[in-house]
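All remarks here apply to the structure that follows.
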Amino acid sequence: MNRSLAVPAGCCLFALIALLAAFHRVGGGETAVEPSRRDRVIFPSTRTYTATVAPNATGVPRLSSREAEQVLTQLANAYQRPWRQWASSPRRLYSRAAPRPIPTITTIVEMSPSPIGQSEGTLLATIAVTTGATTQPVPCVVDRTTRQVRLFAEGQWLTEDEWLTKAPLP
Amino acid sequence: MLLFSRLRGARWWTALTVVACGVTLFSSAIYFDGGIPPRFLLEKGALARNPWWLAAFYFHVVGASVCLAAGTPLMFPAWTRSRPLWHRRLGYLYLNAVLWMAAPSGLALSLAAKGGPLATAGFALAGALWWHTTWSGYRAIRRGDIARHIQAMVRSYSWALSAPAFRAIQTGLFLLGLEDTHNYLVSLWLSIAVSVWLAESCLYRHRRSAVEYTTMPSPNAGVLS
Numbered sequence: 001m002n003r004s005l006a007v008p009a010g011c012c013l014f015a016l017i018a019l020l021a022a023f024h025r026v027g028g029g030e031t032a033v034e035p036s037r038r039d040r041v042i043f044p045s046t047r048t049y050t051a052t053v054a055p056n057a058t059g060v061p062r063l064s065s066r067e068a069e070q071v072l073t074q075l076a077n078a079y080q081r082p083w084r085q086w087a088s089s090p091r092r093l094y095s096r097a098a099p100r101p102i103p104t105i106t107t108i109v110e111m112s113p114s115p116i117g118q119s120e121g122t123l124l125a126t127i128a129v130t131t132g133a134t135t136q137p138v139p140c141v142v143d144r145t146t147r148q149v150r151l152f153a154e155g156q157w158l159t160e161d162e163w164l165t166k167a168p169l170p
Numbered sequence: 001m002l003l004f005s006r007l008r009g010a011r012w013w014t015a016l017t018v019v020a021c022g023v024t025l026f027s028s029a030i031y032f033d034g035g036i037p038p039r040f041l042l043e044k045g046a047l048a049r050n051p052w053w054l055a056a057f058y059f060h061v062v063g064a065s066v067c068l069a070a071g072t073p074l075m076f077p078a079w080t081r082s083r084p085l086w087h088r089r090l091g092y093l094y095l096n097a098v099l100w101m102a103a104p105s106g107l108a109l110s111l112a113a114k115g116g117p118l119a120t121a122g123f124a125l126a127g128a129l130w131w132h133t134t135w136s137g138y139r140a141i142r143r144g145d146i147a148r149h150i151q152a153m154v155r156s157y158s159w160a161l162s163a164p165a166f167r168a169i170q171t172g173l174f175l176l177g178l179e180d181t182h183n184y185l186v187s188l189w190l191s192i193a194v195s196v197w198l199a200e201s202c203l204y205r206h207r208r209s210a211v212e213y214t215t216m217p218s219p220n221a222g223v224l225s
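Right, dumping it as structure tokens:
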């Protein structure tokens with residue numbers, strides 16, 4: 001190979017190494033192609049909301065029905081976020097990306113009406129997930145003391161993290 | 001354009017090809033916008049966070065864009081005949097963009113191609129033949145074999161055109177209602193077939209011109225009339 005090709009070949013190799021190094025640096029930082037779903041869920045602290053129900057015997061304020069609904073709403077929003085990111089991602093019709101339209105996704109949180117399903121320790125609710133024309137109800141149980149949520153999906157009880165990681169993509 | 005000369009509707013095919021190349025270049029700009037990742041990268045999932053894959057991907061996009069931009073003017077014989085210096089400059093740019101950027105990165109990306117083994121085979125075949133024909137064109141012009149140079153570069157540029165051809169075919173099949181997974185594979189292999197047909201049909205139409213040209217070489221020309 002003579003110099004007329006060796007020099008460009010060397011330059012291209014150098015450029016590739018520089019590009020690789022740049023992506024390594026970026027990849028080690030905060031930038032990611034897909035945001036961490038779990039990081040986006042911010043649950044209310046005890047300081048954020050005024051307890052409207054008397055604390056339990058240990059003195060920890062219990063979640064009210066309204067607060068639990070807000071917790072579930074934030075969880076549902078985190079569930080929808082990757083799907084909506086896909087829907088809003090830029091693409092051209094004339095490209096290698098699949099040109100199909102992505103159906104819309106919506107969620108509705110319904111708390112079980114008092115006094116059905118309400119107790120000192122837990123609250124019952126349903127998150128109805130609608131993608132396109134299909135609606136799937138996801139029963140939920142909210143621990144009023146620990147604020148943990150359990151959801152019944154795909155035939156099993158899941159934690160919030162498990163439910164978010166199993167969320168489908170378009 | 002040389003590829004369509006002596007073909008019915010050559011001007012229309014030429015205009016369509018130039019527009020397709022321009023739209024392909026324009027559509028590649030979304031990968032450099034920043035902000036929300038384009039859908040093609042989202043489809044790749046975890047792979048799009050791999051530095052090696054990302055580096056190969058952007059190297060391929062930039063290299064292939066340079067190939068389309070530099071190679072298209074070279075397919076107009078009247079233009080290259082009147083500008084031999086630009087012929088050499090753009091040819092040099094096209095040659096190096098294919099040999100050291102677009103084709104090798106395309107081969108690397110084919111290993112994780114969307115569509116599975118069939119897609120990998122298709123992209124690998126296209127990448128390998130693109131590299132080989134371009135290298136053959138370089139070797140031919142180095143030894144002064146104009147006819148072989150023309151043949152090889154016609155084939156090389158046809159492989160470059162497989163990118164806009166793929167997109168056009170995929171768009172057409174999508175509008176006809178073909179499901180995405182099948183659409184991708186069918187579009188890929190049809191674009192390969194189109195590339196091969198474009199090159200070989202052009203060379204077949206000019207086979208007599210090529211024979212005359214080899215017996216009367218001209219130092220300034222480099223294209224078939």
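Going down the list, the protein sequences come from chains Y and P.
Position 1 of the first sequence, counting from 1, maps to 1 under this note's numbering, and the rest follow consecutively.
Position 24 of the second sequence, counting from 1, maps to 24 under this note's numbering, and the rest follow consecutively.
C-beta: ideal position from N, C-alpha, C; glycine also.
For this session: Anything in chain Y within Cβ reach of A55 of chain P, meaning under 7 Å, just list it in chain order.
Result: Per Cβ cutoff of 7 Å: L16, L19, L20 and F23.
Exercise. Do you know whose CA, among P:L129, P:A112, P:K114 and P:Y138, lies nearest R88 of chain P's CA?
Worked result: Nearest C-alpha to R88 of chain P: P:Y138.
For this session: Run down chain Y in chain order and give the residues with a C-beta less than 7 Å from the C-beta of F59 of chain P.
Result: Using a Cβ-Cβ cut-off of 7 Å, F59 of chain P is close to L16 and L19 of chain Y, given in chain order.
Problem set entry | C-beta neighbour in chain P for C12 of chain Y, strict 7 Å | The C-beta of C12 of chain Y comes closer than 7 Å to at least one C-beta of chain P.
Exercise. So which residues of chain P does S64 of chain Y contact, with C-beta pairs closer than 8 Å?
Worked result: Among the residues of chain P, none has a CB under 8 Å from the CB of S64 of chain Y; the nearest is roughly 36 Å distant.
Problem set entry | Residue interval of the alpha helix (DSSP H) (run including D226 of chain P) | Here chain P comprises residues numbered 1 to 225, so residue 226 of chain P is not present and cannot be evaluated.
Exercise. Mind checking whether C202 of chain P and L3 of chain P have CB atoms under 7 Å apart?
Worked result: For C202 of chain P and L3 of chain P, yes; Cβs fall inside 7 Å.
Problem set entry | Reduced DSSP secondary structure (H/G/I, E/B, other) of Q170 of chain P | Of the three classes helix, strand and coil, the one that applies to Q170 of chain P here is helix, per DSSP.
Problem set entry | Residues that R84 of chain Y contacts on chain P, provided the C-beta gap is smaller than 7 Å | Those do not exist, as R84 of chain Y stays about 10 Å from chain P at its closest Cβ, beyond 7 Å.
For this session: Alpha carbon to alpha carbon, how far is R205 of chain P from L7 of chain P? Give it in angstroms, no decimals.
Result: Approximately 9 Å, taken between the alpha carbons.
For this session: Could I get the ranges of all uninterrupted beta strand (DSSP E) runs contained in the region 57 to 138 of chain Y, with 3 residues as the minimum, in chain order?
Result: Correct list: 105 to 111 and 122 to 131.
For this session: For the region 122 to 136 of chain Y, enumerate the residues whose C-beta is nearer than 7 Å to any C-beta of chain P, in chain order.
Result: From the region 122 to 136 of chain Y, no residue has a Cβ closer than 7 Å to chain P.
Exercise. Along chain Y, which residues have their Cβ under 8 Å away from the Cβ of V101 of chain P?
Worked result: Residue identity check: residue 101 of chain P is Met in the sequence provided, not Val. Taking a Cβ-Cβ threshold of 8 Å, the residues of chain Y close to M101 of chain P are C12, in chain order.
For this session: Report all residues from its chain with a CB closer than 7 Å to the CB of L111 of chain P; omit the five preceding and five following residues, and keep chain order.
Result: Within the same chain, T120 come within 7 Å of L111 of chain P by CB-CB distance, once the 5 residues on both sides are set aside.
Problem set entry | Buried or exposed (CB count within 10 angstroms, at least 16 for buried), T133 of chain P | Result: buried.
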